[in-house]
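There are 2 protein chains.
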Amino acid sequence: MYRSHNNGALNLSNTGQEVTLSGWVQKIRDKGFMIWVDLRDRYGITQLIFDEERTEKALIEQAKTLGREFVIQVRGTVIERQSKNTKIPTGEIEILVTDLTILNEAKLPPFTIEDETDGGEELRMKYRYLDIRRNPVKDSLIFRSKVTQEVRNFLSNEDFIEVETPYLIKSTPEGARDFVVPSRMNEGQFYALPQSPQTFKQLLMVGGMDKYFQIVKCFRDEDLRADRQPEFTQIDCEMAFVEQEDILNIFEGLTRHLLKKVNNVEIGDFPRMTFDHAMKTYGNDKPDIRFGMEFGELNEVTKHRNFKVFDDAELVVGIAVPGAASYTRKEIDKLINWVKRPQIGALGMIYVKCNEDGTFKSSVDKFYNQEDLANWAEKTGAKPGDLICVLSGITNKVRAQMSALRMELAERLGLRKPNEFAPLWVIDFPLLELDEETGHYHAMHHPFTSPKPGQLELLDSKPGEVKANAYDLVLNGNEIGGGSIRIHDKEIQATMLKHLGFSEEEAKAQFGFLMDAFEYGAPPHGGLAFGLDRLVAILAGKETIRDFIAFPKNNAGRDVMIDAPSALDEAQLKELNLQLDIVQEIE
Amino acid sequence: MYRSHNNGALNLSNTGQEVTLSGWVQKIRDKGFMIWVDLRDRYGITQLIFDEERTEKALIEQAKTLGREFVIQVRGTVIERQSKNTKIPTGEIEILVTDLTILNEAKLPPFTIEDETDGGEELRMKYRYLDIRRNPVKDSLIFRSKVTQEVRNFLSNEDFIEVETPYLIKSTPEGARDFVVPSRMNEGQFYALPQSPQTFKQLLMVGGMDKYFQIVKCFRDEDLRADRQPEFTQIDCEMAFVEQEDILNIFEGLTRHLLKKVNNVEIGDFPRMTFDHAMKTYGNDKPDIRFGMEFGELNEVTKHRNFKVFDDAELVVGIAVPGAASYTRKEIDKLINWVKRPQIGALGMIYVKCNEDGTFKSSVDKFYNQEDLANWAEKTGAKPGDLICVLSGITNKVRAQMSALRMELAERLGLRKPNEFAPLWVIDFPLLELDEETGHYHAMHHPFTSPKPGQLELLDSKPGEVKANAYDLVLNGNEIGGGSIRIHDKEIQATMLKHLGFSEEEAKAQFGFLMDAFEYGAPPHGGLAFGLDRLVAILAGKETIRDFIAFPKNNAGRDVMIDAPSALDEAQLKELNLQLDIVQEIE
């Protein structure tokens, strides 16, 4: 037996007990006549003491050989500490050691195993097994486990069934790129790894397996942006005989359950907002509504003053930044430079200071009088002391720019409080989205999303205006889930695929099994999927997902710890009937 | 709202209520003046009634258009049934329908959606979404979900943390074949799909993430035998600071919990048996101990009677088949032919009938007298009325043959009762196994398994005799789990890899990250993995796993429903820098 207790378990009530503990040496303080060792495991830290008066000399000598991260086992007696540490559960006791066994030695770690470490990100990823020993990473993984268990408890109580769908499926060129898996047994053929279990969960609904869920890995071979992973985890759900309202209620319940269980926060009914309203008011389909700074559209109140920039703009839009009228010219210039960065791409920014005395001072005083600016203040909801920031240009672009500015300012003003939670349903998404490069419309969610009743007719005439029974769940400015009511009618599905540019043959080859299934009694159905990695991060008050993934990959899709991907040997390639098609460089 | 209740919910207490139900038409009985429809969903069946006296004519006409598997919604009133069906919860009521909406029509299914179907296996796999509507499959999937939820409940209560390990990892030629995944972003390189999360869970232990579990898909590109799947699910577990005893206790607890929760069976301490004893007594390392027929070794008592077959045999072994002395000559001949089939491969079988009067009649009476045969009876535990079956030959082979015969006879005699559960730990597995083809030893479990203390020295002299801290959990003659205490010392791991034929470079290239990790303070650790698919099947009293997998693949590794794997288009291959290396047949 390696331990009678873990290192977070002992307290004053155990005083006098003989105990056995195991763990890692976190810290050693050697005062010569007295040595303290902090012993660490998953559960906490227990202080060990060796001292000249009470400890055998040989044992003290042995303790002096210990180094950081050594793995040891000790036996000893629980005694009361002289100087207590009330911050940890074991802080009132220590162990007077009588036996010490070194279970494994340790080289000096390449970075310190402390909450604040000196290790850079690449180094910590290479030695991820050491990084996981640090509380911030360890606690994140434990937190994730707790969240998933609560998800399962809630859904199981709601009579959902967890069904595993296959990982070796069929490649579909639609959507993002698939990772593929050559089949040795089926020469020249490939499986694909699922980007989501979408079609399978729909088939489960056709199969009557109402109320399905699964916490499942999904795969996308995309050029990775920061904080994207080639493999990621979804909470995937689907229900039959439901309308949008049923789905929103269930998953609002799930989210409320998680906020209560893991954050101890009680939230009432989630607000709902249409996609159009979100875009108009926040420039964004996943608005952070923990703070205001709602968009005020200023086209009407900026016209006819000979300010050509605004007169020519499709959209003129402003936000009121609370308390920012006091910004210096230098601070405002920095803000203007910020919106002009290529990542944001604004050409400039007009501002109005709303003085405490009710007057206004703007960068366009040449064109606009106090009455004009008062109108702007009204439209943006600006109060004395606020700064109105105004951008203009093409609607889509200026909304995105203003949204970025709004989020940046909120960040700077401390309005994005990690422990405040503001969930929001965004509903009535467009069915189709214009690809500006190709000029073609493609499915905004996926080709199985149902248009709103009666809107199918608009597909030909005004494809961009067709709204879908599609919804996203937004939490603190992040999309944490999204879904839709699906098409369950074979004819409508065929029409949709045609509009998305699939020939009849392509549709049959890729989705034939789903279309076939729809002929045998498909029920109305719909669902939702949460991005678990992000959900967990946001519930923990963080926005980067990497610490919530045990073994993440870097931005090149590499696991730098195990050094994957890597080359295969010739025999393996041959068995798979593959050749590399790589131009060898001539040396 | 599609339904106020599901189809398993209503009973006499709801009489008089107006309800809305949705589901599939299971059955229609049309008596002309009266039509009954069985409406089915995941939860049950509710009987609908339309009758001339109480139902509008138009509605009756509409009901007559219904076909099997149509998806419908009805409104109506709950009324008491005339002829009650006490076998189902809703059997005392029916719904007098006032509104009927056909939500989706259905073509005639290619097989009947009944508990006993007329569909063959391939057909049912092609239309798996219809097969899932059948109770046996539906119930199996729901059962599986319940088992996994109970696994998670138990392990979470025991303070285990579920951690997700990556799916895109590194290929290792050791063990079975990997499925590989070409990396587009890392030209010419491949990921591999995990055969198990073995190294990752060990790294989690090095990382201090004590008490890990995961229910996780694993992948093996093997030539498929019946009832093997290229992707399968493991309950994967690992613990730090444990000895074998700690692990056996936890997972015996888990298994006991499952038997209690899902089977309502209480089981005491699980028996334990060494590998050597299991092989000697049952010819098998996963013995079914629900019944006797233990092996009696007969070499000593068959010698010196000039029966050359036995005298020359390495092993002569018999079992007593209860009550089988009454077998006719024809029945015994059939048995002899059964053991001579190529799948079993015995050259013949000797038998002894133990007559009720205490005398014996054998097929070798020419060589053995009554006293000899009495000795055989004693060694095999045969009682009057039993039949002793005796095989002889090379130890390993004859044990396997006798084990197969024992299982076959138990099956025929109805001794393998699906609702009786006999768990068993098999311990002290050999560390290494001789590959008879190559003459080399390889790791019986995997290269990270720890030899028993003090046995490392035998590696050179008697590699076959080194025992490991390795154990299997056996249930009703099936291995449902297996694991070991791992090596946590870098030197021992290096020695093991050397003995397994890895050069230092190979060891470094493949397991370098694990060996490196062992330098930074690896704790003693060990674990276990359950094969979930089989575990679930056995708990349900079945032995085939396919019905417990929502979308299984066939024996060629194909998903015949979605028709995967399939060809990729040229562009996809090009992006992956791959060419097919297939000899095109000239037409």
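Here the protein sequences come in this chain order: A and B. By this note's numbering, the letter at position 543 of the first sequence is numbered 729, and the numbering carries on one by one without gaps. By this note's numbering, the letter at position 84 of the second sequence is numbered 270, and the numbering carries on one by one without gaps. Cβ coordinates follow ideal geometry from the N, Cα and C atoms, glycine included.
Cβ-based burial, residue i [other Cβ within 10 Å; buried from 16]
i                  : result
Asn-193 of chain A : buried
Leu-294 of chain B : exposed
His-711 of chain B : buried
Ile-281 of chain A : buried
Glu-350 of chain B : buried
Val-219 of chain B : Strictly speaking, residue 219 of chain B in this sequence is Phe, with Val absent from that position. Classification for Phe-219 of chain B: exposed.
Ser-578 of chain B : buried
Asp-396 of chain A : buried
Asp-345 of chain B : exposed
Asp-646 of chain B : exposed
His-490 of chain B : exposed
Gly-667 of chain A : buried
Ala-783 of chain B : The structure shown has nothing for residue 783 of chain B, since chain B only spans 187 to 773.
Arg-338 of chain B : buried
Pro-738 of chain B : buried
Arg-406 of chain B : buried
Arg-330 of chain A : buried
Met-311 of chain B : buried
Thr-385 of chain B : buried
Lys-356 of chain B : buried
Asn-470 of chain A : buried
Gln-335 of chain B : buried
Three-state secondary structure (DSSP) of residue i
i                  : result
Lys-653 of chain B : strand
Ile-436 of chain A : helix
Met-701 of chain A : helix
Gln-259 of chain B : strand
Ala-629 of chain B : strand
Asn-321 of chain B : helix
Asn-523 of chain B : helix
Asn-492 of chain B : coil
Lys-516 of chain A : helix
Glu-280 of chain B : strand
Thr-467 of chain B : helix
Glu-773 of chain B : With a pLDDT of 45 at Glu-773 of chain B, under the threshold of 50, the modelled position of that residue is not reliable, and no figure is offered here.
Thr-272 of chain B : coil
Ala-752 of chain B : A small fix is needed here, since residue 752 of chain B is Ser in this sequence, not Ala. Ser-752 of chain B falls in the strand class under three-state DSSP.
Asn-290 of chain A : strand
Supposed contact pair residue j and residue i - C-beta distance, whole angstroms, cut 8 Å
i                  : j                  : result
Thr-206 of chain B : Gln-268 of chain B : Wrong, their Cβ atoms sit about 23 Å apart, outside the cutoff.
Trp-611 of chain B : Leu-659 of chain B : 6 Å
Val-166 of chain B : Phe-256 of chain B : Within the shown structure, residues of chain B are numbered from 187 to 773, placing residue 166 of chain B beyond reach of any answer.
Leu-422 of chain A : Gln-400 of chain A : With the sequence shown as reference, residue 422 of chain A is identified as Asp, and Leu is not the correct amino acid for it. Their Cβ separation, rounded to whole angstroms, is 5 Å, which keeps Asp-422 of chain A and Gln-400 of chain A in contact under 8 Å.
Leu-225 of chain B : Phe-236 of chain B : Wrong, their Cβ atoms sit about 12 Å apart, outside the cutoff.
Val-333 of chain B : Val-448 of chain B : 6 Å
Glu-266 of chain A : Ile-274 of chain A : At roughly 15 Å, the Cβ-Cβ gap does not stay under 8 Å, so Glu-266 of chain A and Ile-274 of chain A are not in contact.
Val-507 of chain B : Asn-485 of chain B : Actually they are not in contact, since the Cβ atoms of Val-507 of chain B and Asn-485 of chain B sit about 20 Å apart, beyond 8 Å.
Phe-456 of chain B : Pro-609 of chain B : 5 Å
Asp-572 of chain B : Ala-629 of chain B : Contact flag wrong, Cβ pair sits at about 41 Å.
Leu-764 of chain A : Asp-745 of chain B : Actually they are not in contact, since the Cβ atoms of Leu-764 of chain A and Asp-745 of chain B sit about 21 Å apart, beyond 8 Å.
Jot down the residue ranges of each uninterrupted alpha helix (DSSP H) in the segment 364 to 412 of chain A, minimum 4 residues, whole runs only, in chain order.
List check, alpha helix (DSSP H) in window: 384 to 392.
Would you call the segment 457 to 476 of chain A in contact with the segment 520 to 540 of chain A, where contact means no fewer than 3 C-beta pairs closer than 8 Å?
Contact between the segment 457 to 476 of chain A and the segment 520 to 540 of chain A is absent, because fewer than three Cβ pairs lie under 8 Å.
Would you check if there are 3 or more beta carbon pairs closer than 8 Å linking the segment 696 to 712 of chain A to the segment 375 to 394 of chain A?
Cβ pair count under 8 Å is three or more, so yes.
Which whole runs of the alpha helix (DSSP H) in the segment 222 to 262 of chain B are 4 residues long or more, in chain order?
243 to 249
Is the segment 600 to 609 of chain A touching the segment 548 to 561 of chain A, taking contact as three or more C-beta pairs under 8 Å?
no
Counting beta carbon pairs with one atom in the segment 746 to 754 of chain B and one in the segment 374 to 383 of chain A, are three or more of them shorter than 8 Å?
Yes: the two stretches touch, three or more of their Cβ pairs being nearer than 8 Å.
What are the uninterrupted segments assigned as beta strand (DSSP E) that are 3 or more residues long and contained completely in the segment 662 to 742 of chain B, given in chain order?
664 to 671, 711 to 717
Any contact of the segment 314 to 328 of chain A with the segment 409 to 417 of chain A, i.e. 3+ C-beta pairs under 8 Å?
no
Would you call the segment 678 to 694 of chain A in contact with the segment 630 to 647 of chain A, where contact means no fewer than 3 C-beta pairs closer than 8 Å?
yes
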